[in-house]
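A.B. asks:
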Amino acid sequence: MLMAATSMTAQTKRVMTVIQKDGTQTEYKVKGVERVTFSDVELPSLRNQIAFDDDVQALDKATLFDGGETYRFSLYTAEADTANAVPTLCIVLPKDSMSQKMTLSEDNQAVTVYYKGQQVNLQGTLQVRFGRTGQVVVNLETETEAYNDLRCHYASTYSQVYEA
Numbered sequence: 036m037l038m039a040a041t042s043m044t045a046q047t048k049r050v051m052t053v054i055q056k057d058g059t060q061t062e063y064k065v066k067g068v069e070r071v072t073f074s075d076v077e078l079p080s081l082r083n084q085i086a087f088d089d090d091v092q093a094l095d096k097a098t099l100f101d102g103g104e105t106y107r108f109s110l111y112t113a114e115a116d117t118a119n120a121v122p123t124l125c126i127v128l129p130k131d132s133m134s135q136k137m138t139l140s141e142d143n144q145a146v147t148v149y150y151k152g153q154q155v156n157l158q159g160t161l162q163v164r165f166g167r168t169g170q171v172v173v174n175l176e177t178e179t180e181a182y183n184d185l186r187c188h189y190a191s192t193y194s195q196v197y198e199a
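If you count the sequence shown from 1, you need to add 35 to reach the numbering used here.
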């Protein structure tokens with residue numbers, strides 16, 4: 036009786052396991068990666084500006100449309116400041132939500148946010164209020180579905196617009 040001997044060599048692969056804040060866990064194959072580092076980066080303070088990740092732009096103009104049950108605030112950068120321009124940021128919210136610090140999520144359908152004309156689903160906080168001196172104050176601290184930071188701070192005058 037002839038017996039064949041086989042050699043078994045253990046196969047290995049290098050993986051990186053990422054555990055999200057919500058507890059979900061994902062493994063990624065990594066080839067040729069020796070080290071991964073993480074650091075906390077301080078985000079710049081915004082003053083009448085909007086930031087999409089590291090792209091910070093000045094906001095030059097805001098308009099308000101009173102839609103009966105809702106307000107629509109449109110904020111424009113200098114580049115978008117034309118008569119037919121798409122607002123850089125547009126927020127549609129119920130009037131009774133004014134001054135409230137709202138948590139935005141897929142579950143919160145009361146507020147709609149558009150960035151450069153596209154509706155975006157955001158996770159984070161939004162507060163829109165009228166200031167004491169007749170200005171509008173917008174504070175937006177959010178993250179998109181693609182994990183991009185979308186932030187805005189605006190505290191200045193606005194023009195009311197009417198639709199014919």
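Glycine included, every Cβ here is placed at the ideal spot set by N, Cα and C.
Going by C-alpha to C-alpha distance, which of Leu185, Val173 and Tyr182 sits closest to Ser191?
C.D. replies: For the purposes of this step, residue 191 is identified with residue 156 of the sequence shown, where counting begins at 1. Of Leu185, Val173 and Tyr182, the residue nearest in Cα terms is Val173.
A.B. asks: Put Glu178 into one of helix, strand or coil per three-state DSSP.
C.D. replies: Here residue 178 is taken as the residue at index 143 of the sequence shown, counted from 1. If DSSP states are grouped into helix, strand and coil, Glu178 belongs with the strands.
A.B. asks: Give me the residue from Gln60, Arg49 and Ile54 with the minimum Cα distance to Gly67.
C.D. replies: Taking the first residue of the sequence shown as position 1, residue 67 is located at position 32. Checking every option, the nearest Cα to that of Gly67 belongs to Arg49.
A.B. asks: Judging by CA-CA distance, which residue of Tyr150, Gly159 and Asp88 is the nearest neighbour of Met137?
C.D. replies: Locating residue 137 in the sequence shown gives position 102, where the first residue counts as 1. Among Tyr150, Gly159 and Asp88, the Cα nearest to that of Met137 belongs to Gly159.
A.B. asks: Report back the beta-carbon spacing between Val127 and Gly152 to the nearest angstrom; my notes put them in contact at under 8 Å.
C.D. replies: Taking the sequence shown and counting its residues from 1, the one referred to as residue 127 is at position 92. Taking the sequence shown and counting its residues from 1, the one referred to as residue 152 is at position 117. The pair is not a contact, with the Cβ atoms about 13 Å apart (cut-off 8 Å).
A.B. asks: Helix, strand or coil: how does DSSP classify Glu141 here?
C.D. replies: The sequence position of residue 141 within the sequence shown is 106, counting from 1. Glu141: coil per DSSP, three-state reduction.
A.B. asks: Tell whether a beta-carbon distance below 9 Å holds between Leu99 and Val91.
C.D. replies: Walking along the sequence shown from the start, residue 99 turns up at place 64. Walking along the sequence shown from the start, residue 91 turns up at place 56. Against a cut-off of 9 Å, the Cβ pair of Val91 and Leu99 comes out as no contact.
A.B. asks: By the three-class DSSP mapping on this structure, what secondary structure does Ser132 have?
C.D. replies: The residue given as residue 132 occupies position 97 in the sequence shown. Here Ser132 sits in helix by DSSP.
A.B. asks: On the three-state DSSP scale, how would you describe Glu198?
C.D. replies: One-based indexing of the sequence shown puts residue 198 at position 163. Coil at Glu198, not helix or strand.
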